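Position 50 (the sequence shown) corresponds to 51 in this note's numbering; numbering is contiguous.
Inspection log for the structure reproduced underneath, given as structure tokens.
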Amino acid sequence: MSSIVYLKNKSNGKVYAYLNESIWDSENKKCKCKRKCLGHVDPVTGKIVPNGKGKVRESAIVSSVGATAFLEKVSDDIGLTTVIREAVPDHWELFMSCLFYVIAENGPLSNLVYWCRDNDIPYGKAVENKDIIDMLDDFDMNTQFRFFRGWRDNFHDNDFCTMYFSIRSSYDRNDETIRFNDLPLVHVEQRTNICVTFDMGSMVPVSYGIIKACPRSLTEIRNISREDSWLDYDRITRILDSSFFTEDNFQDLLRSNERFLLRAPIESKLAMDSIDRVRDRIVDIQYSVEIG
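Pasting the structure below:
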């Protein structure tokens, strides 16, 4: 035997419906009542509404926002965000996400699909490898031109310096050759020659280039600079590493009346002559300073 009983909860004022069932207890020779809550009564319709069926609780999503928040602030402050928006209007959010990932993790772009699951990114949704491939397929020379030209125009003082320097390859083993498994000895170029142009005021890099060989004359240096002529660098101070130093190179730069800073190796004639000119004054007691 069963029946529905209505009871009012005094604390919240709701009326709840309970199902009462009478079950015969053969062992104790008497009836037992079991009560089950069916839900609360809707005050408008009078129908019984099951409890806990109205809303579905959503699982919380936790994302790390520190790296993105910091890099977004830096990008906005230096004007990079605006330049990227204008250079790649159809993919700028994904491009910024790739940029932030590479800066934060220095890993392959294929791993961005995993990194974005735990980190907040400008793209705002999950990234698939196909999204990255489609974005890169849309990039062409015009895209590069829009970016570098927009980035160069971001600096209004029009005063730049170009640094020419060399870096050693990670394959450097104090030998000009390295063995790749069972392959014969392969020659490896140990130095990579690079030129990077900076804004003189902020020393923020503007453009860069890979140089095939160290220039040994002013003509070669100007030929390298001519590749960036479309960026309209009006005033350039050339800063050259010692690997670019030759006596002829130095004399050509002097005659050009261009601004430059050239690092001379200690064994060069220029450096040795400069030392000889001041050698006596270096050891003079009047130029000594007592400390302590």
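Using N, Cα and C, we set each Cβ at its ideal position, and we do this for glycine too.
Remember, predicted model here, so these are calculated numbers, not experimental data.
What do you get for residue i, buried or exposed, if any count of 16 or more other CB atoms within 10 angstroms of its CB means buried?
i           : result
residue 92  : buried
residue 222 : buried
residue 120 : buried
residue 21  : exposed
residue 137 : exposed
residue 146 : exposed
residue 115 : exposed
residue 6   : exposed
residue 112 : exposed
residue 262 : exposed
residue 177 : The predicted model places residue 177 with a pLDDT of 48, which falls under 50 and marks its position as unreliable; any figure quoted below should be read in that light. It is exposed - the Cβ of residue 177 has fewer than 16 other Cβ atoms within 10 Å.
residue 34  : exposed
residue 88  : buried
residue 250 : buried
residue 117 : buried
residue 98  : buried
residue 290 : exposed
residue 130 : exposed
residue 194 : buried
residue 229 : buried
Considering Cα atoms alone, identify which of the options is closest to residue i.
i           : options               : result
residue 8   : 42, 99 and 196        : 42
residue 200 : 61, 115, 239 and 228  : 239
residue 259 : 219, 109 and 128      : 219
residue 10  : 4, 3 and 19           : 19
residue 254 : 285, 108, 216 and 210 : 216
residue 123 : 154, 76 and 194       : 76
residue 236 : 48, 242, 66 and 158   : 158
residue 4   : 15, 23 and 17         : 23
residue 244 : 160, 162, 167 and 66  : 167
residue 211 : 204, 198 and 12       : 198
residue 231 : 152, 38 and 36        : 152
residue 37  : 17, 25, 26 and 48     : 17
residue 134 : 110, 163 and 283      : 110
residue 154 : 64, 269, 205 and 44   : 205
residue 69  : 125, 209 and 269      : 125
residue 234 : 242, 209 and 214      : 209
residue 149 : 80, 192 and 47        : 80
Report back the beta-carbon spacing between residue i and residue j to the nearest angstrom; my notes put them in contact at under 8 Å.
i           : j           : result
residue 85  : residue 96  : 6 Å
residue 247 : residue 196 : At roughly 17 Å, the Cβ-Cβ gap does not stay under 8 Å, so residue 247 and residue 196 are not in contact.
residue 156 : residue 207 : 7 Å
residue 242 : residue 264 : 6 Å
Which class does residue i belong to by DSSP, given the choice of helix, strand or coil?
i           : result
residue 162 : strand
residue 18  : strand
residue 108 : coil
residue 238 : strand
residue 291 : coil
residue 36  : strand
residue 218 : coil
residue 175 : In this prediction, residue 175 scores a pLDDT of 47, lower than 50, which makes its location untrustworthy; the coordinate-derived value is nonetheless stated afterwards. In this structure, residue 175 counts as coil in the three-state DSSP scheme.
residue 224 : helix
residue 167 : strand
residue 98  : helix
residue 5   : strand
residue 276 : helix
residue 155 : coil
residue 146 : helix
residue 250 : helix
residue 128 : coil
residue 261 : strand
residue 140 : coil
residue 11  : coil
Pull up the DSSP beta-bridge partners for residue i, would you.
i           : result
residue 200 : 161
residue 211 : 195
residue 93  : In the DSSP output, where bridge partners are listed per residue, residue 93 has none listed.
residue 1   : Given that the chain is displayed from residue 2 to residue 293, the structure contains no residue 1 and the question cannot be resolved.
residue 1   : Nothing about residue 1 can be read from this structure; the chain reaches only from 2 to 293.
residue 49  : 42
residue 206 : 199
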